[in-house]
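Numbering (my numbering), first residue to last: 260 to 584.
Don't be surprised by glycine CBs; every beta carbon is placed ideally from N, CA and C.
As structure tokens, this is what we get:
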């Protein structure tokens, strides 16, 4: 899943951001990100060792539309080199998800009219399945909404508008059956909006996870929609404007802190903010000291950490964490 939920980790990070500075014993690592354009970031546990790993996907250099080339890099540990890499034609987004219930996350990468299922096999990243669709895939996130141990997917497809027409995006909630013979999909529900979708993520809810979706346009800014997923049905329960700054959100993730849900928002300026959706409003709880194209909170007791994707080709992938928990 994009952002694992770890209470202890988040409490430490929120304290750091609220103070406006890193603790004196914090570690900050920067390491090569393979010169990827428009990178997307995901964290999870793909090798089943109980530790957080990360995957970064993006276009290779400045590939032309006629010869597009994308790559997925997998980092077993922060600060290390990319151990696994898989060449694809395009990679617009990715997520960690356990599709077969074996306790190891697959990495699902999508772009254009395909999405690909990758697995870690003997330390290498291998493609095990490909799914094609009639529409253009744009964003993806994953969570176990029915408690069966397998993650479901939320897929965003874009329907490009003609001149003077409003763009349309569709969120598809999908149950996936991954087996050695291939992938079988079961469409649970859809949610349609007459706007562009920037990103989406699952967030802990009372019972089934809720789905948070960012929509909008450059001239009006973004809005956040909260959708219930109970029974495999998508039902919008609330929508909030992002405020007077009119900034779109490039990367969105969520974590639980006791009864509360905090959202990590990375906007077009690279700023990473933590907000709480409370009483019909977004309340600022802190800001990360490092900018990027997207961020992912991860870790566990004794190992709180944050991964931040580079904004431009050649810039490093960053990781930071307090030395002590």
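Write down the C-beta distance between residue i and residue j rounded to the nearest angstrom, noting that I regard them as a contact closer than 8 Å.
i           : j           : result
residue 319 : residue 328 : 5 Å
residue 509 : residue 457 : 6 Å
residue 557 : residue 302 : 4 Å
residue 488 : residue 462 : That belief does not hold up - the Cβ atoms of residue 488 and residue 462 are roughly 10 Å apart, past 8 Å.
Residue j and residue i - do their beta-carbons sit closer together than 8 Å?
i           : j           : result
residue 513 : residue 499 : no
residue 351 : residue 377 : no
residue 304 : residue 333 : no
residue 331 : residue 366 : yes
residue 528 : residue 551 : no
residue 317 : residue 296 : yes
residue 412 : residue 429 : no
residue 578 : residue 338 : yes
residue 409 : residue 359 : yes
residue 548 : residue 292 : no
residue 495 : residue 519 : no
residue 573 : residue 294 : yes
residue 485 : residue 497 : yes
residue 459 : residue 541 : no
For residue i, I'd like the list of residues in its chain whose CB is within less than 6 Å of its CB, leaving aside the five on either flank, ordered along the chain.
i           : result
residue 501 : 480, 481
residue 380 : none
residue 299 : 316, 352, 353
residue 432 : 413, 447, 448, 493
residue 406 : none
residue 586 : The requested residue 586 is not part of the displayed model; the chain covers only 260 to 584.
Among the residues of its own chain, which have a CB less than 7 Å from the CB of residue i, if the five just before and after it don't count?
i           : result
residue 364 : 303, 304, 305, 355, 356, 357
residue 453 : 425, 427
residue 530 : 546, 550
residue 383 : 343
residue 217 : Any question about residue 217 goes unanswered here, given that the chain covers just 260 to 584.
residue 362 : 307
Between which residues of its own chain and residue i is the CB-CB distance below 8 Å, once the five residues before and five after are set aside?
i           : result
residue 438 : 359
residue 455 : 417, 426, 428, 474, 475, 476
residue 506 : 480, 481, 526, 527, 528
residue 393 : 372
residue 419 : 395, 426
residue 441 : 388
residue 539 : 497, 499
- request: Decide if the stretch 443–451 is in contact with the stretch 375–389; the criterion is three or more beta carbon pairs, one per stretch, under 8 Å apart.
  value: no
field: Cβ contact (3+ pairs, closer than 8 Å) linking the stretch 396–409 and the stretch 332–345
entry: no
- request: Identify every run of the beta strand (DSSP E) within the stretch 373–434, keeping only runs that are complete inside it and at least 3 residues long; order them along the chain.
  value: 383–402, 411–418
- prompt: Within the chosen definition, does the stretch 460–475 reach the stretch 435–445 through at least 3 CB pairs nearer than 8 Å?
  reply: no
task: Let me know the beta strand (DSSP E) ranges lying completely inside the stretch 328–371, each 3 residues or longer, listed in chain order.
output: 329–334, 343–347, 352–356
field: Continuous beta strand (DSSP E) assignments of at least 3 residues falling wholly in the stretch 499–579
entry: 508–516, 519–526, 531–537, 540–546, 553–557, 564–568
message: Threshold first: 3 residues or longer. Then list the beta strand (DSSP E) segments lying entirely within the stretch 436–505, N to C.
response: 441–452, 455–462, 469–476, 480–487, 494–500
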